[in-house]
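These protein sequence lines map, in sequence, to chains A and B. Mapping the first sequence onto this note's numbering, position 152 (from 1) lands on 489, and the numbers just tick up by one. Mapping the second sequence onto this note's numbering, position 146 (from 1) lands on 255, and the numbers just tick up by one. To start, the structure under review is shown below, and the notes come after it.
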Amino acid sequence: MVNINEYQLVKDCLKQKPKAQRQLYELYAQNMLGVCYRYTKSTNDAEDILQDGFVKVFSRLKQYKHEGELGAWIRRIMVNTAINFLKRNRKYQDEMFFTEQTLHPVTDDDPAVILQTKQLADLIRQLPQGYQVVFNLFAIEGYSHVEIGQVLGISDSTSRSQYARARALLIRWINETSAKQKNENYAGK
Amino acid sequence: MPENKFEKQVQRKMEEFGLNPSSRVWDEVEERINKKRRKRKIAFWLLLFLLISLSSITTGILILKDKKKSNEQSYLKNKKQELSDFPVMKPAETTKPVDGNQNTKSTPEKIIGKSQIKSNNHNSIALTQSTIVNRKGDEKDNKKTETAKEEDKSVISEWQVSDNVKQIVDSTFVVNNSQPDKSDTLDEKEKINSETSISSEIKNEVEQKPVLQEKKDSANTSNQATGKQPVSSLHTKKWKFGLTIEGGIAEVAKGIGFVSSYPASVYQAPSSGGGSSTISLSPVYASGAFTAGVFVQRSLSKKLLLDMGLSYSFLSTKRKVGNKIDSTISNPNTSQGSITNFYLGANADNAYTNHYHFLNISGGIEWRIFKKNFVFWKNEFSYCRLLSSDELYFDSGYLIYYRDFSQLNKNHFFLSTGLSIPAGNRFDLEAFLKYDLTPTSANKNIPPAHFTYYGIGIKYFLSGKK
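Quick look at the structure:
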């Protein structure tokens, strides 16, 4: 992390100092784009969410009480902005209905995730939209199924089943990708 | 929560994950936050400008009025001084000796100092009209033999009649020893009016003037007969103050115009059993409102009144919501970072009343529409600060209603129009329509909607109107 006095930075941002605002953006933009990227299917959409999210951050910064980490607070804003974006956007709505037509085998295997972060993020993005959101919220953001149910307007049992299917699908893809990588490495050698 | 190895691995890897955003992201963020700042600045300067303009106009009016009054007083004082310095009048000094008929004819008016003093001994009305006319008409020709002494005596006697008249040295005194006929009196009055150069205010300074008194009496009598208030009572250029109470209906409308409900929107909601369901955003229905406060009023002219006031307004609207959930969910979009005690958007069968509390500063003009009837057309502009509200905000993401004061615009500008009718010496009855120029919500994603507030009111003048 950049050695910056976070408290002072927030204070300067509240005084509408452009330099401080730019500094805050640069400090968190990369990481937050990673968050937005996982919820969308295109980088443009992720950047739109990032933009909306940062506008909210600057307009509501006075509500930040320095009680938790600033990064976590900004991250929560990004996640909520992403969910709102998905619900508003027609492109994503069709896939947000959590259809249970496609069933995927559930597995309890815990494969070693040897993929690069970008590869893993891309695999998460390939999940159906409903699975993708539930997986992101549960596995990465740490929401409970009850909370996910409230956020998405579904029951917690639906959230559980969606997550189980998302997890199974992702593990299968990770294994396939890992095997492919290993083969390529062997072939390379 | 992630419990096993897989989730932990994914979480760790994703926490490290980041991407470089393109430069357009920051450019647009910067533009949007600056736009918000600019809007706030514009609102601040606009308010400041309005307040300064209003206070400048008021101060200007007061200063002009005071200046006019002091000018009149100093003028009056000077004239008094001139009179006191004036040499004691002697018959020989006041009039030229009458050499003969020719002289009398050629110089019927005797000049004394700056003023032409013409005495008329036939009535004191002419005196109080600030001019005493002495005409040597036909009768004068017949009385050519009258001595100058007699003439002078009449001048002096009239000069002594009223000290008040002395104040009006610009006036012309015409001596007429004979009784004029009615036509002569009318002519004299016309002449008086044309010759009189002092303002009506100075006239008023001169007390006990039968003619004016007579006029006033007749005006009062006619007003009493018609049941109307005298104009002078409404045209008192003093600050009047009192209490005001208004009551009516408040509603929220999209754009300009009367609509009884806020346009409803339909939202897609994911359903637990697959497929989709829709949630309709509840319309906003009209509800009660009232205002109570104090005001000051001042007459600018016979037709215009200036109004200023400070008041408290309570406005309310209603909407239908679903069941109340006594639970907390995290939502960084809210001021608290979480939502507690929210209402579901679905199954909206319960009525909920939104309350709004405003503090208002207003300024306006009342214009008398008709010449004969005291009906005023009132136009007002007011700045209203939203003190508090429990309005429900609809979150299209969560499909719930919750209270969030931060979502509302705090500064509002209302335009008001209406009619005001005086009722007795202490009351004014009013009917009004107010429109909020500012959208209720500060949230850009919500279509702008504005308050409309209409009703009736009553003004009570503590100081009386007279």
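For every residue, glycine included, the Cβ atom is placed at its ideal position computed from N, Cα and C.
Query, Result
"Report the three-state DSSP secondary structure of LEU475(B) (helix, strand or coil).", "According to the sequence as given, residue 475(B) is Glu; it is not Leu. Three-state result, GLU475(B): strand."
"With distances taken from CA atoms, which of TYR461(B), SER408(B), LEU528(B), PHE404(B) is nearest ILE432(B)?", "Here the sequence assigns Asn to residue 432(B), which means Ile is not the residue at that position. Checked all of TYR461(B), SER408(B), LEU528(B), PHE404(B); the closest Cα to ASN432(B) is TYR461(B)."
"Taking Cβ positions only, does PHE367(B) come closer than 9 Å to chain A?", "Annotation note: pLDDT 45 at PHE367(B) (below 50); position unreliable, no value reported."
"Compare the C-beta of PRO465(A) with all C-beta atoms of chain C and state if any pair is closer than 9 Å.", "The structure shown contains no chain C; its protein chains are A and B."
"So, using beta-carbon positions, are THR400(B) and ILE470(B) closer together than 9 Å?", "no"
"Would the beta-carbon of LEU346(A) fall within 9 Å of that of GLN367(A)?", "no"
"Do you know offhand how far GLU139(B)'s Cα is from GLY506(B)'s?", "25 Å"
"By the criterion of Cβ-Cβ separation under 8 Å, what are the contact partners of SER396(A) in chain B?", "ILE142, LYS145"
"Residues of the segment 348-363 of chain A with a CB closer than 9 Å to any CB of chain B: list them in chain order, please.", "GLN353, PRO355, GLN358, ARG359, TYR362, GLU363"
"In chain A, what lies closer than 7 Å to SER127(B) by C-beta?", "Checking the displayed sequence, the identity of residue 127(B) turns out to be Gly instead of Ser. Result: GLN367, ASN368, LEU370, GLY371."
"Of all the options VAL392(A), TYR374(A), VAL483(A), which has the alpha carbon lying nearest to the alpha carbon of ARG141(B)?", "VAL392(A)"
"State buried or exposed for ILE438(B), treating a residue as buried only when at least 16 other CB atoms are found within 10 Å of its CB.", "buried"
"Using a Cβ distance threshold of 8 Å, determine whether the segment 119-126 of chain B contacts the segment 450-466 of chain B, with at least three qualifying pairs required.", "no"
"Which residues in the same chain as ALA357(A) place their Cβ atom closer than 7 Å to its Cβ, once the five residues preceding and following it in sequence are excluded?", "LEU346, ASP349, CYS350"
"Among residues of its own chain, excluding the 5 on either side of ASN552(B), which ones have a beta-carbon nearer than 8 Å to its beta-carbon?", "TYR502, GLN516"
"Let me know if GLY389(B) comes out buried or exposed under the rule of 16 or more other beta-carbons within 10 Å of its beta-carbon.", "Checking the displayed sequence, the identity of residue 389(B) turns out to be Ser instead of Gly. Its Cβ having fewer than 16 others within 10 Å, SER389(B) is exposed."
"Within the 9 Å Cβ cut-off, does GLN406(B) reach chain A?", "no"
"Between GLU475(B), LYS347(B), PHE490(B), which has its C-alpha nearest LEU160(B)'s C-alpha?", "PHE490(B)"
"For LEU387(A), return the contacting residues in chain B, with the cut-off set at a CB-CB distance below 8 Å.", "PRO130, VAL134"
"Counting only the same chain and skipping the five closest in sequence on each side, list residues whose C-beta sits under 7 Å from that of ILE414(A).", "GLY390, LYS393, VAL394"
"With a CB to CB cut of under 6 Å and the five nearest residues on each side skipped, what residues in its chain are close to ILE555(B)?", "none"
"Quick one: grab the DSSP three-state call for SER494(A).", "helix"
"Taking DSSP as the reference, what is the three-state secondary structure of GLN469(A)?", "helix"
"Taking 8 Å as the cut-off, does the segment 148-156 of chain B touch the segment 381-390 of chain A (at least 3 CB pairs, one atom from each stretch)?", "no"
"Can you check which of these residues, VAL393(B), GLY397(B), ASN488(B), TYR465(B), is closest to LYS427(B) by C-alpha distance?", "VAL393(B)"
"What is the DSSP secondary structure of ILE438(B), reduced to helix, strand or coil?", "strand"
"Measure from the C-beta of PRO372(B) to each C-beta in chain A and report whether the shortest distance is under 9 Å.", "With a pLDDT of only 46 at PRO372(B), under 50, the local geometry of the prediction cannot be trusted, and no value is derived from it."
"I'd like the list of long-range same chain contacts for THR514(A), defined as Cβ closer than 8 Å, with 5 residues on each side in sequence excluded.", "LEU452, GLN456, LEU460"
"Suppose you measure from the CA of ASP537(B) to the CA of GLY472(B); what does that come to, to the nearest Å?", "17 Å"
"Work out the CA separation of TYR492(B) and SER162(B) for me, nearest whole Å.", "14 Å"
"Are there 16 or more other CB atoms within 10 angstroms of the CB of SER193(B), so buried, or fewer, so exposed?", "exposed"
"Can you find the residues in the same chain that come closer than 6 Å, C-beta to C-beta, to LEU474(A), ignoring five residues on each side of it along the sequence?", "TYR480, ILE485"
"How long is the line joining the alpha carbons of SER523(B) and THR547(B), rounded to whole angstroms?", "At residue 523(B) the sequence reads Phe, which differs from the Ser that was named. For PHE523(B) and THR547(B), the distance between alpha carbons rounds to 8 Å."
"Please return the same chain residues whose Cβ sits closer than 6 Å to the Cβ of TRP348(B), not counting the five positions on each side in sequence.", "VAL405, ARG407"
"Between the alpha carbons of GLY405(A) and ASN342(A), how many angstroms are there, rounded?", "15 Å"
"Which value, in whole angstroms, describes the spacing of the CA atoms of LEU413(B) and TYR562(B)?", "25 Å"
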